[in-house]
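Per our numbering, residue 13 is the first one in the sequence shown, and the count goes up by one each step.
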Amino acid sequence: MDFNAARSLTNEQAREHLEKLRWPNGAVCAHCGSTAVTKLAGKSTRPGVYKCKAKECRKQFTVTVNSIFADTHIELRHWIMAFSLMCSSKKGISALQLKRMLGLGSYEAAWFIAHRVRHAMKQGPMKGLLKGVVESDETWVGGVKHGKGRAYTHNKTAVQALVERGGNMRARAIGRVTPMNLKGSLADMVDDNATLHTDELTAYKVIGRRFKQHETVNHSKGEYERDGVHVNSAESFFALLKRGVHGTFHHVGKQHLQRYCDEFSFRWNHRKTTDAERTEAALKLAPGCRLTYKTSRISA
Numbered sequence: 013m014d015f016n017a018a019r020s021l022t023n024e025q026a027r028e029h030l031e032k033l034r035w036p037n038g039a040v041c042a043h044c045g046s047t048a049v050t051k052l053a054g055k056s057t058r059p060g061v062y063k064c065k066a067k068e069c070r071k072q073f074t075v076t077v078n079s080i081f082a083d084t085h086i087e088l089r090h091w092i093m094a095f096s097l098m099c100s101s102k103k104g105i106s107a108l109q110l111k112r113m114l115g116l117g118s119y120e121a122a123w124f125i126a127h128r129v130r131h132a133m134k135q136g137p138m139k140g141l142l143k144g145v146v147e148s149d150e151t152w153v154g155g156v157k158h159g160k161g162r163a164y165t166h167n168k169t170a171v172q173a174l175v176e177r178g179g180n181m182r183a184r185a186i187g188r189v190t191p192m193n194l195k196g197s198l199a200d201m202v203d204d205n206a207t208l209h210t211d212e213l214t215a216y217k218v219i220g221r222r223f224k225q226h227e228t229v230n231h232s233k234g235e236y237e238r239d240g241v242h243v244n245s246a247e248s249f250f251a252l253l254k255r256g257v258h259g260t261f262h263h264v265g266k267q268h269l270q271r272y273c274d275e276f277s278f279r280w281n282h283r284k285t286t287d288a289e290r291t292e293a294a295l296k297l298a299p300g301c302r303l304t305y306k307t308s309r310i311s312a
């Protein structure tokens with residue numbers, strides 16, 4: 013669903029759309045997972061309320077229960093519009109712009125919507141470890157450059173990108189570029205039988221031994237590609253991330269940087285789909301990932 017289609021929805025249509033995405037084969041209890049449910053009707057019952065018929069449960073629920081929409085006072089059509097805008101904006105969209113386009117009453121509401129959407133994007137789309145040819149590279153995000161020559165990294169946060177050539181990728185805010193941090197990300201996300209492509213960073217000499225093959229390019233000598241060996245895909249991702257941070261958001265707190273990495277990774281992994289398909293994929297990730305306002309303010 014693209015933005016124009018989302019904008020034309022009523023709240024009832026938005027709820028029905030979310031129900032079809034979450035329960036394509038019929039409603040399922042959001043509390044216990046039972047399929048023995050019934051839809052409540054009557055003047056005193058608000059639309060979209062179901063009741064579980066399982067003896068051990070018997071609870072009422074709606075499509076928003078146990079999802080990022082839980083306890084929301086914001087119209088569901090506005091939620092779908094926010095998903096569409098964030099999934100179609102290549103360099104991201106600011107909370108202030110979301111507030112204007114959705115007609116919300118406060119910046120805080122738009123900011124929280126954006127973080128909930130990013131939290132949903134974190135859930136996918138990646139099954140198993142990265143395989144084949146995998147690029148690993150790092151960059152520094154945030155802070156201010158000081159001094160001459162090489163950029164001083166004070167107040168900056170390191171981000172590591174792992175890109176499966178022609179496939180999916182993952183980005184992780186690692187804080188500092190240390191052998192332990194790099195090794196941890198590679199161990200968590202890359203198959204040992206993969207071929208690792210990196211730059212000349214010394215830490216990779218030992219780390220690369222765990223993989224089937226390790227190839228490097230020497231950026232300090234002006235070498236950026238050699239017989240198919242490069243980290244250009246990771247560099248392309250960093251270009252998008254930095255343009256978003258500096259051009260759209262202007263400032264990203266260290267404690268929230270991982271969420272922005274998840275957002276940009278999600279769009280990268282769905283780059284071959286349409287905006288509408290990307291929005292539907294993100295909406296399907298909304299169930300099962302509750303995020304409270306307090307948690308979003310203090311966690312990464």
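Beta carbons are placed, not taken as given, at the ideal position from N, Cα and C, and that holds for glycine.
- Residue state for Arg-58 is assigned as coil, using DSSP reduced to three classes.
- The region 59-79 and the region 244-251 do not touch, with fewer than 3 CB-CB distances between them shorter than 8 Å.
- Cys-99 sits close to Arg-290, with the two beta carbons spaced by under 7 Å.
- In the three-state reduction of the DSSP assignment, Asp-200 falls in the helix class.
- Considered as a whole, the region 22-106 harbours 49-51 and 62-64 as its complete beta strand (DSSP E) runs of no fewer than 3 residues, in chain order.
- In this chain, the beta strand (DSSP E) harbouring Ser-148 covers 145-153.
- No Cβ-Cβ contact shorter than 7 Å links Glu-87 with Val-243.
- Nearest in C-alpha terms to Arg-19, of all of Tyr-272, Arg-182, Met-113 and Ile-105, is Met-113.
- A Cβ-Cβ distance of about 22 Å is found for the pair Lys-134 and Trp-152, leaving them out of contact under the 8 Å criterion.
- Setting aside the 5 residues that flank it on each side, Phe-95 is surrounded in the same chain by Val-129, Thr-291, Ala-294 and Leu-295, each with a C-beta closer than 7 Å to its C-beta; the list follows chain order.
- Between Leu-253 and the set Arg-238, Glu-237, Gln-270 and Asp-239, the nearest pair of CA atoms involves Gln-270.
- Around the C-beta of Asp-200, fewer than 16 other C-beta atoms lie within 10 Å, and the residue is accordingly described as exposed.
- Boundaries of the beta strand (DSSP E) around Ala-183: 181-187.
- For Met-93, the number of other beta carbons within 10 angstroms of its own is at least 16, and it is reported as buried.
- The beta carbon of Val-241 sits closer than 8 Å to those of His-209, Glu-227, Thr-228 and Val-229, all from its chain and outside the five residues before and after it, given in chain order.
- DSSP, reduced to helix, strand and coil, places Ala-298 outside both helices and strands of the structure shown, so it counts as coil.
- Residue state for His-231 is assigned as helix, using DSSP reduced to three classes.
- Our two residues, Ala-121 and Arg-184, have alpha carbons roughly 26 Å apart in a direct line.
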